Structures are given as C-alpha cells and as structure tokens.
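Here it is as structure tokens:
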C-alpha cells in the first residue's frame, strides 16, 4: 500500500513518528536554496569623506589666505604644504569612491577605516595651527612656527636629521641590548638561587630606584668617552626593571610545574630553560616595556649633555641657534622613532608569546 510520502518523495526512507499516525520523512528541503547569495555590501565610508573635505579645506586655507608678515621671517614652502594637503585629500577621495573590484584600493580603505576620525582631527588641527601662526600671528615667532616651516626643515636639513636619528638608534640599540641581556640573566639568577637573591636583591633595591641621569657626573669620570658613558647609563636604566620583573616571574612559577617535570626526569638546566623562563616571559616583556621609558630619557639627556651626535644633540644645537622649527622637527622625528621601537617590541612579544594568545590582555 503506497503512502503519501512515497508519491511525493519516491524511494525516500520513511519513519513513523511516535506521536502521530502520519509518516515523517527525513529533513530534505522541498524548496531549493537560491543558487547565489549576494555578499553583504560594505557601508559607505562617511568618515573618509569628511577627512577628504577637511584636507581640501586645509589646502585651500593655506594657499588662498596670505601669510601675515612677521619681521624678517618668511614662511617658504607654503605652496608645497598646500599641495601636500591637496594630495592627501585626493588620495582620500580616491579611496572613498573606489569600487570593491579594485582590490588594492579596497584593502587600503579597509585598513584606514578605523583611522577615519583621526584623519579628520589631524587636518583640523593643522588648520588651526596654520591660522594661529602664519595667518593671524597669535603665537609669536620665532618660538612658534607654522606647519610649512617643518616641511622646510625636513626638505633642507634632511641629511643632518637622518644622521642624528641613525646615531641615536645605534646608541639606543646597543644600550638596550646590553641592559636587557644583563637584566634578564640577573633576574633568572636571583629568582632561581637563594644565595644570589640574598646578595644581589638588596643591591637592586638600593641602586635601582636611583635615576640614571643622576649618575652622569660620576659616569663621565669612570668611562673614557661620553659615548661609552651613554651606553652604560642606558643599559643600567634598562637592566633594573627587566631584572626585577624577571625575578618576580621566575619566583612566581607554581611548584607543581617543577614537580611534574622532575617526575619525568628533568634536570636542573631543563627546569630553568624549559619551565622557569617560559613561564616568566610575560613578566620579562613587562620589564622591557618599563625599561624603554628610562632608556629613552637617558638617551636624550646623555646626548644633550655629552654625546656629540644624535637627536638630543640636534635639539641642543637648534635651541642654541634659536632654530625652533628645527627643534620641533627633531621632536616629532624622535616621537615617531621611539613609537616605532615600542611597536617593534609589541610585535616581538606577540611572536614569542604566541602560545599564550588569548590569555594575556595588554
């Protein structure tokens, strides 16, 4: 005897539901699904549009509003700064209006989308800066200069700035490298050995909080050159927080980890290298981040007082000649370089601690 289900779905397996007399078939859709489902459309980038308008306004304001005469000061590169702002506006318009089929532009737009409010704020901030300095003269010269003055510095004194930045980075890298290695080894030693902790820990507690810049006069006496003195002080400022945080991380490892490793036949070196150090690495990176601040300040002070190269020396030279645009240009470059160093350390931390991804919050 044929059933209704057999006529509808011939050859399809049937089962009887316990709560009904009708036959129930397996879950097979009678209405076919659509062959193609349209992908969700990306919303229009309104913030990018506002940013493009803001940069266009900055370009028009800079070029069409005449600069206020300020004694012997003449703001060159005004046209170049206006053209640069117009170029940024044109690029933003291109990204806003580009279709999704243009993959490079669409990908760049997706990356810049979160920075939309900052792009607007940066253009408006530069516009206010331009009006208060070059257009109305509310901020007195030569202590305050308009944005195009910085463009002039980067264009005419790029070689000296690049050389100073390279010298600062080389000095910083050597000092940070030595300080990080010494601090890490010291922290592991006092965290693992009670005898080392008894002798070294009090020394760190007494000498560690002393600012490294306070040791400049004494250090100049013991080291043969100002450059080696700067390396020592940068390394000292880096080593103290790294040692303290490494010691805390090693000492805080749960003893059950050691018991399990000893049960499996682990040696003392295995316990140190494969149990204590990996468990302490999050604390080590905290110490590195803390030490960077001391290293940056020590670098600048050492270059301003003794080292005859670097961005700190450039700041002192610019201040001595009342070249305030050069000073501001060096400060901006210094901020970008130091921020880049911190970003590199973040990338290194994410790579080394990839096994703890999702468990740490920074």
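In the working numbering, the protein residues as written are 25 to 386.
We put the CB at the ideal spot given by N, CA and C, even for glycine.
Owing to the predicted nature of the structure, the values given are computational and were not obtained by experimental measurement.
- Taken atom to atom, the span from the alpha-carbon of residue 342 to that of residue 250 is near 20 angstroms.
- Secondary structure within the region 91-162: the alpha helix (DSSP H) runs of 4 or more consecutive residues, fully enclosed, are 102-121, 127-136 and 140-154 (chain order).
- About 6 angstroms separates the beta carbons of residue 189 and residue 361, which is inside the 8 angstroms limit, making them a contact pair.
- Judged by DSSP secondary structure, residue 317 falls within the alpha helix (DSSP H) whose first and last residues are 301-329.
- Per DSSP, reduced to three states, the secondary structure at residue 165 is coil, with no helix or strand assignment.
- Taking the CA atoms as reference points, residue 141 sits about 45 angstroms from residue 252.
- Under the 8 angstroms Cβ criterion, the region 318-325 counts as touching the region 228-244, having at least three qualifying pairs.
- For the pair of segments examined, the region 214-227 was found to touch the region 270-278: the number of CB pairs separated by less than 8 angstroms reaches three.
- Residue 80: member of the alpha helix (DSSP H) spanning 70-88, first to last residue.
- Pairing residue 75 with residue 119 gives a Cβ-Cβ distance that is not under 7 angstroms.
- Taking a cut-off of 8 angstroms on C-beta distances, the region 259-267 touches the region 298-312, as three or more cross pairs fall below it.
- Rounded to the nearest angstrom, the gap between the Cα atoms of residue 353 and residue 281 is 52 angstroms.
- Within 10 angstroms of the beta-carbon of residue 356 lie fewer than 16 other beta-carbons, which makes it exposed.
- Judged by pairs of C-beta atoms under 8 angstroms, the region 82-99 touches the region 151-164, as three or more such pairs exist.
- Under the three-state reduction of DSSP output, residue 291 falls in the coil class, being neither helix nor strand.
- The Cβ-Cβ distance between residue 154 and residue 86 falls below 7 angstroms.
- Sorting 271, 243, 272 and 248 by C-alpha distance to the C-alpha of residue 260 places 243 at the top.
- For residue 296, the CB contacts under 8 angstroms within the same chain, skipping 5 residues up- and downstream, are 212 and 216 in chain order.
- Within 10 angstroms of the beta-carbon of residue 67 lie fewer than 16 other beta-carbons, which makes it exposed.
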